[in-house]
Amino acid sequence: MASLPFRDINVHASASHYAFTSPSSPSALTLVVDRPSGDLRLNDGALLGGKRVSSIAGILGMIKLRLGQGMAWPGRGKRKKETKKQTSKNPL
């Protein structure tokens with residue numbers, strides 16, 4: 001059975017990217033999600049300029065959307081605005 005390289009994950013966020021690193025495997029590649037495009041890439045070594053964050057729910061949602069085929073990015077494309085039909089009240 002192969003050993004998994006990431007037993008624990010640190011997430012660093014900056015204005016330009018999210019970086020996923022493993023403190024227990026410092027020689028492992030860093031997974032980088034570029035912002036705002038969502039492009040994924042592997043980087044050799046850590047990236048500078050990011051702040052460590054603990055909540056990654058939004059990031060994982062973005063990755064799930066990116067990997068799904070035929071799914072549109074939220075907020076990227078034309079959306080129809082929801083409008084409520086206004087009905088005139090007839091007093092009679």
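Here the UniProt record's numbering is used: the first residue of the sequence shown is 1, the next is one more, and so on. Using N, Cα and C, we set each Cβ at its ideal position, and we do this for glycine too.
Residue i (DSSP reduced to helix, strand or coil)
{"i": "A19", "result": "strand"}
{"i": "S14", "result": "coil"}
{"i": "G70", "result": "Residue placement at G70 cannot be trusted, given a pLDDT of 49 that sits under 50; the coordinates are not used to answer."}
Residues bridged to residue i (per DSSP)
{"i": "L31", "result": "F20 and L42"}
Contact under 8 Å by Cβ, residue i with residue j
{"i": "residue 93", "j": "P23", "result": "Only positions 1 to 92 of the chain appear in this structure, which leaves residue 93 out of reach."}
{"i": "N43", "j": "L29", "result": "yes"}
Environment of residue i [buried if 16+ CB atoms lie within 10 Å]
{"i": "G49", "result": "exposed"}
{"i": "V53", "result": "exposed"}
{"i": "A19", "result": "buried"}
{"i": "A13", "result": "buried"}
{"i": "A72", "result": "With a pLDDT of 48 at A72, under the threshold of 50, the modelled position of this residue cannot be trusted; read the value that follows with caution. It is exposed - the Cβ of A72 has fewer than 16 other Cβ atoms within 10 Å."}
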